[in-house]
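Novice: This is the structure, below, for whatever I ask next.
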Amino acid sequence: MNRLARHLAPRTLRGRLSLVALTTAALLMTALTVVFNTVMDRHLQHQADDQLRNRAAAVATTIDTSGPRARVLETDNDRLLDANAWIYTGTRLLEKPPSTTANSALAQAADRLAARGRQVCASVHTDNPRFVRLCSQHVSGLRSTATVITAVDLAPYRNSADTLLSGSLILDAVMLACTYALTRLAVGRALRPVRTMTDQAGQWSAVGSDQRFGAVDQPAELARLGSSLDALLDRIRTVLRHEQQLTGELSHELRTPLTRIVVELDWWRARPRSAAETHATHEVIAEAAQSMRTICDTLLNDAREGAQNTTTAVGATSVAPVLRGLVEGLDAREQLKTVVDVPDQQLEAGVASALLERIVSPLLANAVRYAGSTVTVSARQLPGAVRIDITDDGPGVPEEFLDDLFQPGRRADSGDGHDGAGLGLPLARRLARAVGGEVSHDPRHTPGARFLIDLPAA
């Protein structure tokens, strides 16, 4: 039964609201129809009783109760009064309608009313006419009493009641049809802005548009819906931006190890190689592949934890071996102009080694790329933190570019001949901030550029 009800229920909000309105109107109109027809039945019955009492009063004027026994006075045109009228003195019948017999249902009903000895009305079901209403009226005199009982055919009143009932049902049907049609029309017009907002939200979410609904000149309900959709669009846009950022960062970070693999394969294919050279090529490719795997794991874990609003897992990493390893990973020309200056004391940063590499690598790559002759990588202990300095003697950062230095996709000079997408510095800062650290630029350092990496101590 429940499954059938769900299957027959309208599938649209417009249809469901129209059905609810139709059901409510049907219940209300049914109650009103019942009340109206009940009141009209009582009103028609009271009219019939009033007519009977008036006729009984007219008949009572023809009864003489001054003597010891009540008697009926003969008057002109008394046949109209005698029609459907009974006169009793006590329980003895003095006069009855000419058309009735003593054993008829009307006569028996009149006898019962006369025996009660008080004013009362009753309805009697007969074959012809079908329903008859009788009322008794007591007539008191100086020396005797009498009872007058009058009857009236209820067929005209019943016909009026049936006509009113039929008219009520027809009116109810017309009203229900109009209610359903008007409700569908009104709900359709009311939901039209919602349909429009839904279509716009779908289009805007697909392209990450900056357009929003706002709450100006909107009804309260649509304003709340617009605010909810705006918040949802903002979240979708943020997700799309993070997805684009992650894609760009992966591409940026994977470019170097992928280039090493391609170069080694090209070098190995250029001419026949010895077993030792082939083994060395395999070692370089394996190291680059492992580096790519580490990069992917680090960035994907950071993105996953960032989406869950959790802090990137911390660790304890010795700083000096990581810095020296990154320098050794540079080619020979780049290694010649890179100096690692780390004090002898043990420095441990409170981050995982892979994450430390990803933070330092973009800054080191930029420094090597733009340095004139020397790049210096140093580290020292601070209260509760470890600071890594990367300094080069290149042209430095243009002053007009300082505000956009850490903006994704921004480069000071895109035509400087260096390959880059402007994602390294923003990535390094984002990863550092994820563990409670910071990456900053020292604008007071001249000549060249100086970048500071502050990380929590282990």
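Here the sequence shown stands for residues 251 to 708, where the numbers follow our numbering.
Just so you know, even glycine gets a beta-carbon here, dropped at the ideal spot from N, CA and C.
(1) Please name the residue, chosen from Ala678, Pro693, Asp403, that lies closest to Glu650 on a Cα-to-Cα basis.
(2) Compute the Euclidean distance between the alpha carbons of Arg424 and Ala310, then round it to the nearest angstrom.
(3) Report the CB separation of Leu681 from Val636 in whole angstroms; it is logged as a contact under 8 Å.
(4) Grouping DSSP H, G and I as helix and E and B as strand, with all else coil, what is His695?
(5) How is the beta strand (DSSP E) around Phe381 delimited, first residue to last?
(6) In or out: Thr247 buried (at least 16 other Cβ within 10 Å) or exposed?
(7) Would Arg321 and Asp332 be called neighbours here (beta carbons separated by less than 8 Å)?
(8) How would you label Gln387, buried or exposed, when you count the other beta carbons within 10 angstroms and need 16 or more for buried?
(9) Identify every residue that forms a DSSP beta bridge with Ala335.
(10) Just reading off the beta strand (DSSP E) that Thr641 is part of, what are its end residues?
(11) Determine the contact status of Leu203 and Val610, defining contact as a CB-CB distance below 8 Å.
(12) Looking at the secondary structure, which residues open and close the beta strand (DSSP E) in which Arg630 lies?
(13) Among residues of its own chain, excluding the 5 on either side of Leu294, which ones have a beta-carbon nearer than 7 Å to its beta-carbon?
(14) With the cut-off set at 8 Å, would you say Phe701 and Val689 are in Cβ contact?
(15) So is Gly667 buried or exposed if we call it buried at 16+ other beta carbons inside 10 Å?
(16) Please state if the CB of Trp517 and the CB of Thr528 are separated by a distance shorter than 8 Å.
(17) Is the separation between the beta-carbon of Pro347 and that of Ala335 shorter than 8 Å?
(18) So, are the CB atoms of Phe381 and Ala396 less than 8 Å apart?
(19) Using the rule of at least 16 other Cβ atoms within 10 Å of the residue's Cβ for burial, across every protein chain shown, is Ala481 buried or exposed?
(20) Determine the extent of the alpha helix (DSSP H) in which Thr273 is found, giving its start and end residues.
(21) Which term fits Ala699, buried or exposed, when burial requires 16 or more other beta carbons within 10 angstroms of its beta carbon?
(22) Pop quiz: Ala566 and Glu598 are said to be a contact at Cβ under 8 Å. What is the actual Cβ separation, rounded to whole angstroms?
(23) Give the secondary structure of Thr351 by DSSP, where H, G and I count as helix, E and B as strand, and everything else as coil.
(24) Would you mind working out which of Ser390, Thr448, Ala427 sits nearest Leu475, comparing C-alpha positions?
(25) Grab me the residues of Asp291's own chain with a C-beta within less than 8 Å of its C-beta, minus the 5 sequence neighbours each way, in chain order.
(26) Let's test the definition: count the other Cβ atoms within 10 Å of the Cβ of Pro507 and tell me whether it reaches 16, buried, or not, exposed.
(27) Do Leu441 and Phe463 have their C-beta atoms within less than 8 Å of each other?
(28) Would DSSP call Pro706 helix, strand or coil?
(29) Which class does Leu323 belong to by DSSP, given the choice of helix, strand or coil?
(30) Could you pull the DSSP bridge partners for Leu343 from this structure?
(31) Terminal residues of the continuous beta strand (DSSP E) containing Val589?
(32) Are Val601 and Leu573 closer than 8 Å when you measure CB to CB?
(33) For Leu606 and Pro612, what's the separation of their Cα atoms in angstroms?
(34) Shortest alpha-carbon distance to Glu533 belongs to which of Cys371, Arg543, Glu514?
(35) So Ala372 is in the beta strand (DSSP E); what residue range does that whole segment cover?
(36) Using the C-alpha atoms, what's the distance from Thr283 back to Trp454?
Specialist: Let me lay it out:
(1) Pro693
(2) Reading off the sequence, residue 424 comes out as Val, not Arg. Approximately 50 Å, taken between the alpha carbons.
(3) Their Cβ separation, rounded to whole angstroms, is 15 Å, which puts Leu681 and Val636 out of contact at 8 Å.
(4) coil
(5) 381 to 390
(6) In the structure displayed, the chain extends from 251 to 708; residue 247 sits before or after that span and is not available.
(7) no
(8) buried
(9) Thr400
(10) 635 to 642
(11) Any answer about residue 203 is impossible in this case: the structure gives the chain only from 251 up to 708.
(12) 625 to 632
(13) Tyr407, Ser410, Ala411
(14) yes
(15) Because Gly667 carries a pLDDT of 47, less than 50, the predicted location of this residue cannot be relied on, and no value is offered for it.
(16) no
(17) yes
(18) no
(19) exposed
(20) 263 to 310
(21) buried
(22) 5 Å
(23) coil
(24) Thr448
(25) Ala411
(26) buried
(27) no
(28) strand
(29) coil
(30) Tyr338
(31) 588 to 591
(32) no
(33) 11 Å
(34) Glu514
(35) 371 to 375
(36) 52 Å
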